Amino acid sequence: MTTRLRHAIDSAAATLAEAGIDSARYDAEELAAYLAGTERGRLPLLDSPGDEFFARYQSVVAQRSQRVPLQHLTGTVAFGPVTLNVGPGVFIPRPETEAMLEWASGQRLSARPVIVDLCTGSGALAVALAHYWPSARVLGIDDSDAALDYARRNSADTAVELLRADVTAPGLLSELNGDVDLVVANPPYVPDDVELEAEVAQHDPPHAVFGGADGMTVIRAVTALAGRWLRAGGLFAVEHDDTTSAQTSELLAGTGLFDEIVAHTDLAGRPRFVTARRKVSQ
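For the sequence shown, our numbering assigns the number 8 to the initial residue and increments by one for each residue that follows.
Here it is as structure tokens:
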């Protein structure tokens, strides 16, 4: 790494830290790698960039210091085994959701399972699960045209099917009743009165973030769908706010349709998602 580049990254990291960004050094290096067309770990091997690079770097660092999400500046985010296109208008997949993906990918499903990703957004879970089960029928559902535009780009090389629909609509896709092997959902679940960091409050679509006064409005809807669509023994995983793990588990138990209800934590150890099995006897 040249002295000029090292100084630029050091200065960028200081600027981002002053802006209150916890991952200042990481973001400074990621932005440099993005503009240089390389990986962060290969920055020490980079030849001296030209003046245009440093002008562009200063610009994107300034935007990041204004709390524009890193992923909006680079246009992509890594999620499990896939890299996704993201930007304004779509919820940015979080590392926390990878814990649910890891759980789902470890389940034993049929040779050609039917998998549904509710509130698919960018298509993150649908595309990642299609990677693990290339012979599956994978359906991603969302009610946002902007989000589905990204999902189409992200699923272009897969067999993932996308549908624009409201997951709270009664009777949605009754033809799936009793035929689905796995339902996953990362619905809007933040309680309406919660204050969020600037990147989320200013750039994530509110419709994809907030889940009603208690954060449970859409979780209730997707739980009802899972109860209706899953075959006996089918599996359900739903992400929730870190304050609503107990309520989510109680909701599933209260339907009388699920057993093997388990609360899980994310990679940081916070309560994050609940899994369950559709009862065989129901």
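Heads up, the beta-carbon is just placed ideally off N, CA and C, and yes, glycines get one too.
The structure presented is a predicted model; accordingly, all values stated were derived computationally and were not measured.
Cβ shell of residue i (< 8 Å), same chain only, five flanking positions each side left out
{"i": "G82", "result": "N92, V93 and G94"}
{"i": "G6", "result": "Past the boundaries of the shown model lies residue 6; the chain is included only from 8 to 289, so the question cannot be answered."}
{"i": "W140", "result": "L116, P120 and I122"}
{"i": "V207", "result": "V216"}
Opposing strand residues paired with residue i [DSSP bridges]
{"i": "T83", "result": "N92"}
{"i": "F265", "result": "R285"}
{"i": "A270", "result": "V281"}
{"i": "G147", "result": "D124 and L169"}
{"i": "V190", "result": "V123 and F243"}
{"i": "F217", "result": "V197"}
{"i": "L38", "result": "Answer by DSSP bridge pairing: none, since L38 is not bridged."}
{"i": "L237", "result": "V187"}
Cut-off 7 Å between Cβ atoms - residues of its own chain near residue i, not counting five sequence neighbours on either side
{"i": "L259", "result": "T230, F265, I268, V281 and A283"}
{"i": "E25", "result": "none"}
{"i": "L179", "result": "A172 and L232"}
{"i": "R49", "result": "none"}
{"i": "D17", "result": "none"}
Proximity below 7 Å, CB of residue i to CB of residue j
{"i": "A220", "j": "V287", "result": "no"}
{"i": "A131", "j": "A244", "result": "no"}
{"i": "D34", "j": "R71", "result": "yes"}
{"i": "R32", "j": "A20", "result": "yes"}
{"i": "R101", "j": "A205", "result": "no"}
{"i": "D37", "j": "D273", "result": "Contrary to the premise, residue 37 reads as Glu rather than Asp in this sequence. No, the pair does not count as a contact, with Cβ atoms beyond the cut-off."}
{"i": "V174", "j": "A137", "result": "no"}
{"i": "N161", "j": "S181", "result": "no"}
{"i": "P194", "j": "V225", "result": "yes"}
{"i": "R285", "j": "G241", "result": "yes"}
{"i": "P76", "j": "H210", "result": "yes"}
{"i": "G147", "j": "D124", "result": "yes"}
8 Å contact criterion, which residue i and residue j should meet: CB distance rounded
{"i": "P212", "j": "F98", "result": "6 Å"}
{"i": "M223", "j": "T251", "result": "6 Å"}
{"i": "L169", "j": "W236", "result": "Actually they are not in contact, since the Cβ atoms of L169 and W236 sit about 17 Å apart, beyond 8 Å."}
Between the CA atoms of residue j and residue i - distance to the nearest angstrom
{"i": "A133", "j": "V191", "result": "9 Å"}
{"i": "F61", "j": "A39", "result": "9 Å"}
{"i": "D152", "j": "T9", "result": "44 Å"}
{"i": "D58", "j": "G276", "result": "44 Å"}
{"i": "L80", "j": "V67", "result": "7 Å"}
{"i": "S30", "j": "R47", "result": "14 Å"}
{"i": "G42", "j": "V84", "result": "Here residue 42 turns out to be Leu, not Gly, going by the sequence shown. Approximately 15 Å between the Cα atoms of the pair."}
{"i": "D54", "j": "E109", "result": "38 Å"}
{"i": "E257", "j": "L155", "result": "32 Å"}
{"i": "E202", "j": "D149", "result": "25 Å"}
{"i": "D248", "j": "Y157", "result": "24 Å"}
{"i": "L23", "j": "R13", "result": "15 Å"}
{"i": "L52", "j": "C126", "result": "41 Å"}
Short CB-CB distance (under 7 Å) between residue i and chain C
{"i": "R115", "result": "In the structure shown, chain C cannot be found, because there is only a single protein chain."}
Residue i: CB within 6 Å of a non-hydrogen atom of the ligand ZN
{"i": "A228", "result": "Judged by which ligands are present, the structure shown has none, so any question about the ligand ZN falls away."}
Spatial neighbours of residue i in its chain, beta-carbon cut-off 6 Å, leaving aside the 5 residues before and after
{"i": "A143", "result": "P120 and I122"}
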